[in-house]
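Following: one structure in structure tokens, then a few remarks.
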Amino acid sequence: MHKKMEAILSRVQKPARYVGGEWGSVMKNKKDVDLRFAFCFPDTYEVAMSHLGSRILYGLLNDQKGIWCERICAPWIDMEEEMRQADIPLYGLESGDPLYEFDIIAFTLQYELSFTNILNMLDLGGVPVLAKNRTELKHMVACGGPCAYNPEPLADFVDLFMIGDGEEIMLEFTDLYRRAKREGWTKQTFLIQAAQIEGMYVPSLYEVAYHEDGTIDRVTPTHGAPALVQKRIVSDLDTMYYPESFVVPSTDIVFDRAMIELFRGCPRGCRFCQAGHTYRPLRTKSKEVLLKQAEAVLKNSGYEEISLSSLSTSDYGDLSGLTECMLDYCEPRHISLSLPSLRADSFSAELMQRVQKTRKSGLTFACEAGTQRLRDVINKNIREEDVLHACEIAFQGGWNNVKLYFMIGLPTETYEDLDGIAEICKKVAYCWRMNTNNRARGVRITASASCFVPKPQTPFQWDAQDTLEQFREKQAHMKVIMKTKNVTYNWHDAETSVLEGVIARGDRRQGKAIYLAWQRGCKMDSWDQCFDYEKWMQAFADCGLDPAFYASRQRPLDEIFPWDHIGCGTRKEHLKREWELSREAAVTPDCMHKCAGCGANALLKGGKCCV
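For the sequence shown, the residue numbers in the numbering used here are 4 to 614.
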């Protein structure tokens with residue numbers, strides 16, 4: 004195989020993606036392990052190696068005696084073609100062994116448009132794609148990550164789903180598998196036992212019945228599986244495993260830097276945000292632990308930049324003290340400190356001055372909507388004045404590069420809301436003229452508008468998504484009104500967003516359409532040069548499924564969803580209450596000021612819910 008690889012690497016883009024051997028990668032003697040674990044990321048190496056969660060679990064598993072976890076990424080189109088022609092199966096980057104030699108094959112589900120890559124990677128690795136065709140204990144396919152909060156579209160292909168934080172459930176899962184392997188269990192026996200692990204969902208143990216109109220009548224667990232699979236959480240992040248070193252890639256990746264995780268969860272409660280609801284409750288690391296972890300990762304990896312990672316970095320309680328201590332370490336070593344996910348209402352001159360001590364990059368503010376009414380509908384809890392004040396501070400401090408993020412197609416949106424996006428951009432450009440110390444240097448204001456996708460486990464899970472035609476009409480309107488000098492307007496492809504909306508709220512009947520789309524060549528769907536909307540729509544039609552049923556249909560509040568038996572900690576009653584408040588454009592205070600009674604605190608030991 005190595006000679007075959009040498010022959011084809013010279014013919015593909017970025018061959019460093021495929022050779023392994025990076026600093027920090029883990030090599031073990033196969034004689035010393037009884038569990039081969041393939042950690043698969045269904046996208047390219049550059050995307051996979053930028054994902055913090057994968058880095059944590061890779062380190063955690065390899066820290067266990069008897070387990071060898073290897074990384075497997077989706078090869079780009081040119082490499083896959085060469086591999087198939089040369090009869091080279093998909094392989095682990097550490098050992099070079101084919102995927103079919105691994106016991107557990109685990110995928111992280113970060114976005115719906117990666118689903119066909121899962122099928123493609125299994126097939127390329129010599130592993131049966133359909134779960135029913137994998138009859139032995141070996142080749143157990145497991146998935147986790149954000150998209151696992153609606154696992155149903157992948158039920159035909161995946162044996163188990165891990166719901167919630169992976170650090171604890173992963174070890175319980177691998178312990179049970181090693182026992183099953185030692186004792187010679189059947190696959191069915193193992194799955195029945197695995198379903199008893201808190202947070203583990205085994206789709207084959209659930210029967211789904213439908214009404215004549217296609218909606219779900221009931222979901223019935225079998226073989227003692229729980230009626231509700233509640234997510235797992237790590238309560239104490241200070242004592243949770245965190246790697247002291249990262250694998251350092253040997254080629255450019257999307258986010259090539261060290262990262263430390265400030266906290267999990269988000270106190271804000273934006274009604275469109277799946278992560279904000281599924282990662283609750285808020286759990287924070289102490290400053291002392293963060294500093295220790297940051298120093299270890301930087302020393303062992305050699306990175307020259309470190310990022311403070313979270314859903315809302317500026318909400319960390321002692322961010323000022325943390326950044327001061329971090330800069331004391333970073334400045335003399337010429338290490339840059341990055342603070343992503345800053346909110347406009349938390350941006351300060353003090354924070355700006357600290358950040359620019361090591362690096363002055365562009366600033367990004369997520370306004371989401373163009374009018375205060377619509378920002379109240381989505382519970383964004385920021386005002387236009389907050390955005391302009393943050394920009395004023397930045398421009399006075401010498402910044403001349405600002406990115407503004409918006410969404411189009413939000414529930415209750417009107418064309419007046421779209422016009423408000425252009426108005427905000429115009430005011431930001433004027434703010435620069437009034438506050439810059441160097442007009443000759445110019446300014447770069449980038450406004451990006453993505454297409455709204457209603458997600459499961461959010462207050463907007465009941466809402467219809469705009470149709471492709473509606474999105475295109477709105478995008479055409481935006482191109483006309485976005486005429487302010489120095490403002491560049493970018494928009495997201497509506498076709499991919501519509502397909503994302505179809506799959507995001509899909510049921511297990513979609514499996515046959517996903518399978519057919521993959522058979523017809525759909526893969527790397529999140530990449531524009533690979534995406535084929537018409538091929539996807541034809542696959543749904545040929546399977547007798549209507550994409551509009553899943554994406555652009557307003558759901559009644561009493562409908563049973565395909566994911567209702569998957570618990571994210573936030574109760575459906577709370578989501579329904581938030582949906583009702585959104586119709587009144589009524590805001591809910593963030594968790595730091597008043598508990599909204601979502602129910603997530605009940606997942607903590609001794610935790611209570613206010614309602």
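Note that beta-carbon positions come from the ideal geometry of N, C-alpha and C, so glycine has one too.
Residues that DSSP places opposite residue i in a beta bridge
| i | result |
| --- | --- |
| Ala369 | Tyr408 |
| Gly148 | Partner(s): none; Gly148 has no beta bridge. |
| Ser323 | DSSP, once it has assigned bridges, lists no residue as partnering Ser323. |
| Gly570 | Gln233 |
| Asn493 | Ser451 |
| Leu330 | For Leu330, which the question treats as bridged, DSSP gives no partner whatsoever. |
| Gly167 | Arg235 |
| Cys43 | Ile75, Phe110 |
| Ser339 | Glu308 |
| Trp26 | Val251 |
| Met143 | Ile107 |
| Phe266 | Thr287 |
| Leu157 | Looking at the DSSP assignment, Leu157 forms no beta bridge with any residue, so it has no partner. |
| Leu38 | Ile70 |
Neighbourhood of residue i by C-beta distance below 6 Å, restricted to the same chain and skipping five residues each side
| i | result |
| --- | --- |
| Val614 | A caution first: Val614 carries a pLDDT of 49, below 50, which makes its placement in the model too unreliable to give a value. |
| Met595 | Pro270 |
| Ala151 | Leu112, Phe164, Ile166 |
| Cys72 | Phe40, Phe42, Tyr61, Leu64, Asn65 |
| Thr225 | Leu208 |
| Ile563 | Ile219 |
| Asn136 | none |
| Arg267 | Tyr282, Arg286 |
Extent of the continuous alpha helix (DSSP H) run through residue i
| i | result |
| --- | --- |
| Thr499 | 497-507 |
| Glu83 | 80-88 |
| Met124 | 118-127 |
| Phe564 | That residue, Phe564, is in no alpha helix (DSSP H); it is neither H nor E in DSSP. |
| Tyr536 | 536-545 |
| Phe552 | 550-554 |
| Thr281 | 277-281 |
| Ile517 | 514-522 |
| His577 | 575-586 |
| Phe471 | Before going further, note that residue 471 is Leu rather than Phe in the sequence given. Where Leu471 is concerned, the enclosing alpha helix (DSSP H) stretches over 471-484. |
| Leu12 | 5-12 |
Own chain partners of residue i with C-beta closer than 7 Å, once the 5 adjacent residues on each side are dropped
| i | result |
| --- | --- |
| Ala603 | Arg283, Pro284, Gly572, Thr573 |
| Tyr213 | Ile219, Asp220 |
| Trp494 | Ala452, Gln478, Met481 |
| Lys579 | Leu560 |
Range covered by the beta strand (DSSP E) that runs through residue i
| i | result |
| --- | --- |
| Phe377 | The residue you asked about is not Phe; residue 377 is Leu in the sequence shown. Looking at the DSSP string, Leu377 is not in any beta strand (DSSP E); the run it does join, the alpha helix (DSSP H), is 375-380. |
| Arg20 | That residue, Arg20, is in no beta strand (DSSP E); it is neither H nor E in DSSP. |
| Glu308 | 308-312 |
Short Cβ contact (7 Å threshold) for residue i with residue j
| i | j | result |
| --- | --- | --- |
| Gln460 | Thr281 | yes |
| Ile166 | Val232 | yes |
| Glu170 | Tyr244 | yes |
| Gly129 | Tyr103 | yes |
| Asn123 | Lys526 | yes |
| Met82 | Val15 | yes |
| Cys273 | Lys383 | yes |
| Phe474 | Ala497 | yes |
| Ala77 | Asp46 | yes |
| Trp582 | Pro462 | yes |
| Pro229 | Ala158 | no |
| Val257 | Val50 | yes |
| Asp469 | Pro414 | no |
| Asp420 | Thr374 | yes |
| Asp510 | Pro565 | yes |
| Phe110 | Ile121 | yes |
Close Cβ partners of residue i (< 8 Å) along its chain, the five nearest in sequence each way excluded
| i | result |
| --- | --- |
| Leu12 | Pro18, Tyr21, Val22 |
| Val638 | Residue 638 cannot be examined here, being either before or after the span of the chain that is shown, 4 to 614. |
| Gly27 | Ser248, Phe249, Val250, Val251, Asn303, Ser304 |
| Ile309 | Arg260, Ala261, Met262, Ile263, Ala297, Val300, Leu301, Met329, Cys333, Ile338, Ser339, Leu340, Ser341 |
| Thr491 | Arg447, Ile448, Thr449, Ala450 |
| Ser529 | Asp46, Tyr114, Leu116, Ser117, Thr499 |
Proximity test, residue i beta-carbon vs the ligand FAD heavy atom, cut-off 6 Å
| i | result |
| --- | --- |
| Ala158 | The ligand FAD is not among the ligands present in this structure, which contains no ligands whatsoever. |
Would you list, in sequence order, the uninterrupted beta strand (DSSP E) runs of no fewer than 3 residues that lie entirely inside the segment 183-263? Those beta strand (DSSP E) runs which fall completely within the segment 183-263 and span 3+ residues are 209-213, 219-224.
Runs of 4 residues minimum, wholly inside the segment 390-463: which ones carry the alpha helix (DSSP H) assignment? 418-438
Please give me, in chain order, every unbroken run of the beta strand (DSSP E) with length at least 3 that falls completely inside the segment 45-115. 70-76, 107-111
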